Structures are given as C-alpha cells and as structure tokens.
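Residue numbers (the numbering used here): 79 to 411.
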Ligand code: SF4
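Quick look at the structure:
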C-alpha cells in the first residue's frame, strides 16, 4: 500500500528511477531520486550535462518519451501519484496545476503561430473561456513578464531570445499553477539577460507564490535565487541542502568542484579550476562511489563501498567522508 503524502509538501518524489531502453539493455539515467518540495519553495537542481537532471525533471512532469520511461518510484503532487495517472488525468493537471518551461523557447514555441494564438490554444485545451477572457488573460500574463501585450500579435522569430523565454514563462503562468518546472530556461541567453530573467522569475514567484524546480548546469547563477540546492551526479542526488549552506560549505567533493568551475557574480576573483574528466557512462557506472574516478580526495574504499545519502548538519551528502561510522572513528582517534 502506498504511503499518502505529507500534507505540508506540494511534491514528494520517492525512489524515482528513469531508464532508457537501449539495444544493449536498460540505462538508468535517474537512479533512485528522493525529494520533497514545500509550497512556494525554489529548488535549484545542478550538475553537469549527462547527470540526469533534465531526465529527472521530465520524469517528474511525466513528459518522457520512449526510449525513456519511469521504471520505478512515485511522484506525489497535491495528493496524487502522477506516475499512476492516466494521460487524461495528467492532462487535466498540466498547465493548470503545474507547468513546464523548456530549455529553448524557439523549439517549444510554434514558429508559424503568433504568441497570442499559442496562448489561446493552451487555454482552450484546458478550460472553457470566452475569446474576451482569453485575450484579457493573455495580455495580463505577458505584462507580468514585462512584455507589451502588443506582442500577442508577434511571431516567435520577431522576439529576442530573452523575450521568447519570458513569453514561455508567461504561457506557463496562464492558469497560475502551484508548481513550475524549468529546464535550463536561461542557457541560451547572455549573462546580462540570464540574470534579468532570473530576477523576474524570482519576483513573479514572490508575487504569485508558485514553487519552482529549476534545472541548470550553472550552480553560481541559481544559487542567488534558490532556497535549496540539489546536486546530481551520475543519476543520483549527491548533495541536498539549503542553498547558502551548500554554497558556503559544500559537503560533497563534486559540489565543491562545480562551485570552482563557475565564476561568481559576487566575491573575490579566483582561478576557475573545474573538475577533470567527464561524468560516467550511466550504462556502466563506476563501482563504489560513482564519483571516485574524478574525486580529488578519494580513498581506497571509495572504489568498492557505495555511499548512502548521509546527514551533514541540516543537509545531506552522498560521500563516505560523512558516513556516521567514519565520523565516529575520526572522533574516537
Ligand atoms: Fe570522493 Fe570517496 Fe566521497 Fe566519493 S565517497 S565523493 S570518492 S571521498
């Protein structure tokens, strides 16, 4: 029997597995992810490309297409397990209760229809509204993201990259959902446009109260806006905690490496070091700790012992350095 979700949570992801079917067998891109989200919370999900962040996001939103599919786990959202819902029931929740902002607005928006027409189609697919109501709501959401409603008549190619992303966010707000999941929405923008879009998302969140799961490879960018940070490596959560804590004192060597790989907007100038090597082939992840071949502080046992997600203060980290047994030995010696 499935455990009902905690009423204080908006979202509960339990032991989620997403696999890609390949000719050589299933490849788990997301390997047993657990997370919870409170109403109105902003969770940043960071990691390099190929670590399973976007696949996890699509698994949560039930937007995976073959060869990828959720093979185990539960995704509880507002009292319903999304994994067990029919396409029809999911469709009733999508846009109205949770919406998705994709990486590239140019791919997500239809190039042959105006922005207004696309907003109208989205509203009509999920609610009965008159043409006047649709026009008024479409203009409202565009204004919310700082775009003149005159652009309801514009085609996507007539808008700048930043405006297109903002139009996508406006579309996600049509029904004022409780949760918006965002997959690298700023990655195609220059640094100034990225920051301005992030500030706008944060301000909208403050005004409207929705929760956000924001996937990015840029830890430094999201860390100024998120409440908590989740760091993913090789399909697993390797660190999860309050943003400030993870940023100021990362508990996992991978989080530390990520932080050193991006310039900080604030703070002193320092040399960027990065992390040598690349994330592993998820079809054949390394034994023991999946990060051990790249870890600068790996110990001998890291190649054989698989770390759990251990408590580190109020955060959690998947590293043997924080294993309770290892810590007590340290204290005793
Ligand atoms: Fe590095 Fe070992 Fe910790 Fe893995 S378990 S992150 S290899 S120290």
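Every residue gets a Cβ at the ideal spot worked out from N, C-alpha and C, and that includes glycine. These figures come from a predicted structure and were not determined experimentally.
- Taking 7 angstroms as the cut-off, does the CB of residue 373 come closer than this to any heavy atom belonging to ligand 1? yes
- Message: Please return the same chain residues whose Cβ sits closer than 8 angstroms to the Cβ of residue 166, not counting the five positions on each side in sequence.
- Response: For residue 166, there are no CB contacts under 8 angstroms within the same chain when 5 residues up- and downstream are skipped.
- Which residue or residues does DSSP assign as beta-bridge partners of residue 359? Partner(s): none; residue 359 has no beta bridge.
- Verify whether the separation of the beta carbon atoms of residue 303 and residue 257 is less than 8 angstroms. no
- Of the listed residues 189, 190 and 216, nearest to residue 200 (C-alpha basis): Answer by Cα proximity: 216.
- What three-state label does DSSP hand residue 209 in the structure shown? helix
- Segments assigned alpha helix (DSSP H), at least 4 residues, entirely inside the stretch 257–287: Runs of alpha helix (DSSP H) with 4 or more residues, each lying fully within the stretch 257–287, are found at 269–286, listed in chain order.
- If you count every other CB in all the chains shown that lies within 10 Å of the CB of residue 400, and 16 or more means buried, which is it? buried
- Task: Would you kindly work out how many angstroms separate the C-alpha atoms of residue 379 and residue 273, rounded to a whole number?
- Result: 42 angstroms
- Task: With distances taken Cα to Cα, identify the nearest neighbour of residue 182 among 363, 93 and 247.
- Result: 247
- N- and C-terminal bounds of the beta strand (DSSP E) containing residue 394: Note, residue 394: beta strand (DSSP E), 393–395.
- Sort 118, 267 and 376 by Cα distance to residue 299 and report the nearest one. Out of 118, 267 and 376, 267 has the C-alpha closest to the C-alpha of residue 299.
- At least three beta-carbon pairs within less than 8 angstroms, the stretch 143–161 to the stretch 313–322: no
- For residue 72, the three-state DSSP class (helix, strand or coil): Limits of the chain in this structure are 79 at one end and 411 at the other, which puts residue 72 out of reach.
- Would you report the Cα separation of residue 42 and residue 111, rounded to the nearest angstrom? Outside the shown range of the chain (79 to 411) lies residue 42, about which nothing can therefore be said.
- Message: Could you check if residue 329 belongs to the surroundings of ligand 1, using beta carbon to heavy atom distance under 7 angstroms?
- Response: no
- Query: Since residue 173 sits in a beta bridge, which residues does DSSP pair it with?
  - Reply: In DSSP, residue 173 forms no bridge with anything.
- Message: Check this for me: beta carbons of residue 395 and residue 330, under 8 angstroms apart or not?
- Response: yes
- Assigned secondary structure, residue 410 (DSSP; H/G/I helix, E/B strand, else coil): Any reading at residue 410 must be qualified, since the residue scores a pLDDT of 48, below 50, and its modelled position is unreliable; the value itself is stated next. It is helical.
- Query: Among 169, 327, 393 and 367, which has the Cα closest to the Cα of residue 386?
  - Reply: 367
- According to the neighbour-count rule (16 or more other Cβ atoms, all chains shown, within 10 Å of its Cβ), is residue 277 buried or exposed? Of the other Cβ atoms in all chains shown, fewer than 16 fall within 10 Å of the Cβ of residue 277; this residue is therefore exposed.
- Task: Over the uninterrupted alpha helix (DSSP H) stretch that includes residue 233, give me the two end residues.
- Result: Run containing residue 233: none; DSSP gives neither H nor E here.
- Would you please verify whether the beta carbon of residue 151 is less than 8 angstroms from any beta carbon of chain D? In summary, chain D is missing from the structure at hand, where a single protein chain is found.
- Message: DSSP three-state label for residue 243, please.
- Response: helix
- Could you tell me if the beta carbon of residue 358 falls within a distance shorter than 7 angstroms of some heavy atom in ligand 1? no
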